[in-house]
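J.: In terms of full-length UniProt numbering, the sequence shown opens at residue 1 and continues consecutively. Even for Gly, the Cβ is constructed at its ideal location relative to N, Cα and C.
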Amino acid sequence: MTKPEDADCPVCTGPKAAEGRPVEPQLRRKIADLERALEQCKARPDEVDPREDRWALKVREVDHRAKNSLQLAASMLMMQARSIDDLEVRDHLEAASERLQTFARLHAVLHEGTDHDGVLVRPWLEQVCKDLRMAPDVEIAVEAPDETWPAELARPIGLFIFEAVTNALKHAFPESGAGHIEVSLRRTPPFWRVEVADDGSGPPAASRSGLGTALFPIFADQLDGELMIARGLDDRGMRVGIVFAEPDGLKRAARTML
Numbered sequence: 001m002t003k004p005e006d007a008d009c010p011v012c013t014g015p016k017a018a019e020g021r022p023v024e025p026q027l028r029r030k031i032a033d034l035e036r037a038l039e040q041c042k043a044r045p046d047e048v049d050p051r052e053d054r055w056a057l058k059v060r061e062v063d064h065r066a067k068n069s070l071q072l073a074a075s076m077l078m079m080q081a082r083s084i085d086d087l088e089v090r091d092h093l094e095a096a097s098e099r100l101q102t103f104a105r106l107h108a109v110l111h112e113g114t115d116h117d118g119v120l121v122r123p124w125l126e127q128v129c130k131d132l133r134m135a136p137d138v139e140i141a142v143e144a145p146d147e148t149w150p151a152e153l154a155r156p157i158g159l160f161i162f163e164a165v166t167n168a169l170k171h172a173f174p175e176s177g178a179g180h181i182e183v184s185l186r187r188t189p190p191f192w193r194v195e196v197a198d199d200g201s202g203p204p205a206a207s208r209s210g211l212g213t214a215l216f217p218i219f220a221d222q223l224d225g226e227l228m229i230a231r232g233l234d235d236r237g238m239r240v241g242i243v244f245a246e247p248d249g250l251k252r253a254a255r256t257m258l
C-alpha cells in the first residue's frame, strides 16, 4: 500500500489568516463554546434522568451548535477571501469555505438520521453521493452493509467518500464525459475497506497538492487505518481507499474531525 506524495501538505493556514491578520475573535469564541459543549456531553448517559430524555436533548443541542459554528466559520472565510487581492490566496480561502459549508450540511444530514443506536450506514452513504450527482452522465454506485454504526465512525467514512468522489468528478472525466464511480464499504475479516474507484482518465499531477487529496491521510488517521491508492476500474482511472481494523462490536468510537 502506498501513501500519496502530498500526505504532508498543510490543510489549513493555522491560527493566522492571510497577510498576518489574526482570525476573527468571534470565530475563536464560537469554537471555544463548541468545545466546552462537547466536553459537557462526555458525561455518562445513565447519569441523566431517562424520563426527561435530557441526554438526547443535549446531544441535539451540541449537533445544532456544531452545524452553526461550521457555517459561521465558512462565512468568515468567505468574507476574508473577498478582502484579499492575491488571487491564489483567495481561491484557497474560498475552497476552504465551500468545504466547511459542505461539512455543515453533511453533519446535519448525518445526525438527522441518527438515533440512540447509531446511523444506518448504507442510506447515509447514498445520501452523501446523492448530493454529488451533478454530472448526469457519470453513474455513481454505492455498496454498503445494511448495518447501524456509531455516528463517530460513520462520519469520517462519509467525509472521505465525499472528498474522493468530488475529486473523481472534478479530475477523472472530461467535461460532459460519461463514466462510472463505484463506492464501497466491505468487510474482509478482520478488516473493513472503504473505497472509491473510477474509470476516468486519472487525476492530473496538479491535483495531488489539492485540499481534497491532503485530507485523505487525515480520514485514514481518524479510522486508525492505512491509506491505499491504485489504478481504478478496468485498470483505468484511480482507486483510493482506507483499510481499517474492525472495531470491537462496531462500538469503538473513532476520533472525529468535526
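For the beta strand (DSSP E) holding residue 182, just list the boundary residues, first then last.
T.: Its beta strand (DSSP E) spans residues 179-188.
J.: Taking the runs of the beta strand (DSSP E) that are 3 residues or longer, which of them lie wholly in the region 216-242?
T.: Whole beta strand (DSSP E) segments, 3+ residues: 226-230.
J.: For the candidate residues 128, 161, 88, whose alpha-carbon lies nearest to that of residue 220?
T.: When only C-alpha atoms are compared, the closest one is 161.
J.: Taking the beta strand (DSSP E) that residue 120 falls in, what are its first and last residues?
T.: 118-120 is the extent of the beta strand (DSSP E) around residue 120.
J.: Distance check for residue 98 and residue 184, CA to CA, integer angstroms please.
T.: For residue 184 and residue 98, the distance between alpha carbons rounds to 25 Å.
J.: Provide the residue(s) that pair with residue 191 in DSSP beta bridges, ordered along the chain.
T.: In DSSP, residue 191 forms a bridge with 188, 245.
J.: Between the alpha carbons of residue 157 and residue 106, how many angstroms are there, rounded?
T.: Cα-Cα distance, rounded: 12 Å.
J.: Based on Cα-Cα distance, which residue from 194, 187, 69, 140 lies nearest to residue 155?
T.: Nearest of 194, 187, 69, 140 to residue 155, Cα basis: 194.
J.: Once you ignore the five residues that flank residue 141 on each side, which residues in its own chain have a CB closer than 6 Å to its CB?
T.: If we look at residue 141 and ignore the five residues flanking it on each side, its Cβ neighbours are 182.
J.: Would you kindly check if the distance between the Cβ of residue 159 and the Cβ of residue 216 is under 8 Å?
T.: Taking 8 Å as the Cβ cut-off, residue 216 and residue 159 do not qualify as a contacting pair.
J.: What is the C-beta distance between residue 100 and residue 70, in whole angstroms, given that I count them as a contact (C-beta under 8 Å)?
T.: So it is a contact: roughly 5 Å between Cβ atoms.
J.: Is it buried or exposed, residue 235, if we count other Cβ atoms within 10 angstroms and call 16 or more buried?
T.: It is exposed - the Cβ of residue 235 has fewer than 16 other Cβ atoms within 10 Å.
J.: On the criterion of 16 or more Cβ atoms from any shown chain inside 10 Å, does residue 199 qualify as buried, or is it exposed?
T.: Classification of residue 199: buried, given that the 10 Å Cβ count is 16 or more.
J.: What does a CB cutoff of less than 8 Å around residue 243 pick up in its chain, not counting 5 residues either side in sequence?
T.: Counting only Cβ-Cβ distances below 8 Å, and skipping sequence neighbours, we find 1, 191, 192, 193, 225, 226, 228.
J.: Could you spell out the range, first to last residue, of the alpha helix (DSSP H) harbouring residue 152?
T.: Unbroken alpha helix (DSSP H) run through residue 152: 151-171.
J.: Looking only at C-alpha atoms, which of 65, 222, 150, 189 sits nearest to residue 118?
T.: Taking only the C-alpha atoms, the option nearest residue 118 is 150.
J.: In angstroms with no decimal places, state the Cα-to-Cα distance between residue 146 and residue 164.
T.: Between residue 146 and residue 164, the C-alpha separation is close to 22 Å.
J.: Output the distance between the C-alpha atoms of residue 132 and residue 167, rounded to the nearest integer angstrom.
T.: Rounded to the nearest angstrom, the two C-alpha atoms are 11 Å apart.
J.: Please determine, among 148, 137, 138, 139, the residue with the shortest C-alpha to C-alpha distance to residue 124.
T.: Ranking the options by Cα distance to residue 124, first place goes to 148.
J.: Below 8 Å on the Cβ atoms is my contact criterion, and I expect residue 240 with residue 179 to pass it. Report the Cβ-Cβ distance as a whole number of Å.
T.: No, residue 240 and residue 179 are not in contact; Cβ-Cβ is about 16 Å, not under 8 Å.
J.: Give the DSSP-derived three-state secondary structure of residue 22 in the structure shown.
T.: Because the pLDDT at residue 22 is just 47, under 50, the model does not fix this residue reliably, and the point stays unresolved.
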